[in-house]
Each structure stands twice: as C-alpha cells, then as structure tokens.
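S.K.: To get the numbering used here, take the position in the sequence shown, counting from 1, and add 13.
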Amino acid sequence: MQENLEKETLYELLKLCRKHKISVVQVPKQKIDKLCPKQHQGVLGMINPIRFHDPSRFSEYYF
14 MQENLEKETL YELLKLCRKH KISVVQVPKQ KIDKLCPKQH QGVLGMINPI RFHDPSRFSE
74 YYF
C-alpha cells in the first residue's frame with residue numbers, strides 16, 4: 014500500500030484488511046511504481062502461491 018493515500022480510502026481499506034486478516038505493508042510510491050509500472054491506485058495485492066490448510070482438518074483424512 015502506497016504511503017500518503019487519502020485518509021478515508023486508507024481507513025476503509027485497512028478496516029477490511031483487518032476484518033479478513035490480510036497483512037498490510039506501507040511502502041514508498043516508487044516501490045509500487047517499480048512493481049506495477051502502469052497506472053495504479055496506490056495499492057498492490059500479492060498472494061502466496063502455496064495453498065495452506067488448517068492442520069485441524071488433517072484428522073478428517075488420516076485418523
């Protein structure tokens with residue numbers, strides 16, 4: 014997330030991220046520009062290519 018976003022936009026976005034347990038990192042605009050050279054709105058999402066499973070569900074399969 015780009016530093017210096019509008020306060021209202023930032024507040025709503027951070028609230029949604031907290032609700033869904035999504036980690037947020039604020040970085041300088043230049044960093045987002047480097048990762049996304051075309052037009053952007055100051056927010057960049059990245060996902061983990063590895064799908065994690067809840068360990069408590071292992072018992073359904075193995076026990």
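Think of the CB as a built atom: it goes at the ideal place given N, C-alpha and C, for glycine as much as any other residue.
Remember, it's a predicted structure, so these values are computed and weren't measured experimentally.
(1) Can you name the start and end residues of the alpha helix (DSSP H) that Lys28 belongs to?
(2) I'd like the span of the alpha helix (DSSP H) that includes Lys42, first residue to last.
(3) Work out the CA separation of Pro68 and Leu26 for me, nearest whole Å.
(4) What's the gap between the Cα of Met59 and the Cα of Ser36?
M.R.: The answer reads as follows:
(1) Counted from its first residue, the sequence shown places residue 28 at position 15. Residues Lys20 to Lys32.
(2) In the sequence shown, counting from the first residue as 1, residue 42 sits at position 29. Run containing Lys42: Lys42 to Leu48, per the alpha helix (DSSP H) assignment.
(3) Mapped onto the sequence shown, residue 26 falls at position 13. Mapped onto the sequence shown, residue 68 falls at position 55. Straight-line Cα distance between these residues: approximately 29 Å.
(4) In the sequence shown, residue 59 corresponds to position 46, counting from 1. In the sequence shown, residue 36 corresponds to position 23, counting from 1. Their Cα atoms are separated by approximately 10 Å.
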